[in-house]
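Numbering (our numbering), first residue to last: 127 to 305.
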């Protein structure tokens, strides 16, 4: 498990921009603000990893994006924000914050962002703006077949470990999922 904190206003990954070269061919590039933010994330990750190799297995990511409470808000509204009665609905979008962080951590905390099997993320108000991320390497699932079927919403129609038709348990009826 590793925890990273980066103080400052949370930033999201911006869309790629396009420009034309002198020969008329288009070229895509990442905006400088996004490159700088991902570099800051990478530096914090390198410091926290301390030279250790990136996680090699599946990982869980927990991200909290904390925004400053506006000074112009009334004391009542500020108190509601501090007690999670109000949440920020302003930009950047939470998915763009996640993307900036996962791209910045790739190659440092984990080899590839495809290793992420679970993400828990939230935006909230706090006394200081920052982003806090915890990455935990999870072991391979080694549950018995009975416990796996009890907790999984999917079950094989044949009752075995076949990859042929699975059924999604939905309550009253089961809908067959076909390949």
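Backbone N, C-alpha and C fix where the C-beta goes; we use that ideal spot for every residue, glycine too.
In three-state DSSP terms, what is residue i?
{"i": "residue 129", "result": "strand"}
{"i": "residue 215", "result": "coil"}
{"i": "residue 263", "result": "strand"}
{"i": "residue 148", "result": "coil"}
{"i": "residue 153", "result": "strand"}
{"i": "residue 258", "result": "strand"}
{"i": "residue 141", "result": "coil"}
{"i": "residue 135", "result": "coil"}
{"i": "residue 302", "result": "The pLDDT assigned to residue 302 is 46, lower than 50, so where the model puts this residue is not dependable; a value taken from the coordinates is nonetheless given after this. Correct three-state label for residue 302: strand."}
For the alpha helix (DSSP H) that contains residue i, what are its first and last residues?
{"i": "residue 246", "result": "Where residue 246 is concerned, there is no enclosing alpha helix (DSSP H), although the beta strand (DSSP E) it sits in stretches over 242–252."}
{"i": "residue 164", "result": "158–175"}
Could you check how far apart the C-beta atoms of residue i and residue j are, in whole angstroms? I think they sit under 8 Å.
{"i": "residue 171", "j": "residue 136", "result": "No, residue 171 and residue 136 are not in contact; Cβ-Cβ is about 16 Å, not under 8 Å."}
{"i": "residue 166", "j": "residue 132", "result": "6 Å"}
{"i": "residue 138", "j": "residue 256", "result": "In fact, because the Cβ distance is near 15 Å, the residues do not count as touching under 8 Å."}
{"i": "residue 153", "j": "residue 259", "result": "Wrong, their Cβ atoms sit about 32 Å apart, outside the cutoff."}
{"i": "residue 237", "j": "residue 196", "result": "Wrong, their Cβ atoms sit about 40 Å apart, outside the cutoff."}
{"i": "residue 175", "j": "residue 235", "result": "6 Å"}
{"i": "residue 128", "j": "residue 264", "result": "About 13 Å separates the two Cβ atoms, so there is no contact after all."}
{"i": "residue 155", "j": "residue 143", "result": "6 Å"}
Of all the CB atoms in chain C, is at least one closer than 8 Å to the CB of residue i?
{"i": "residue 185", "result": "In the displayed structure, chain C is absent; only one protein chain is listed."}
Taking the runs of the alpha helix (DSSP H) that are 4 residues or longer, which of them lie wholly in the region 184–234? Listed in chain order, they are 201–208 and 220–231.
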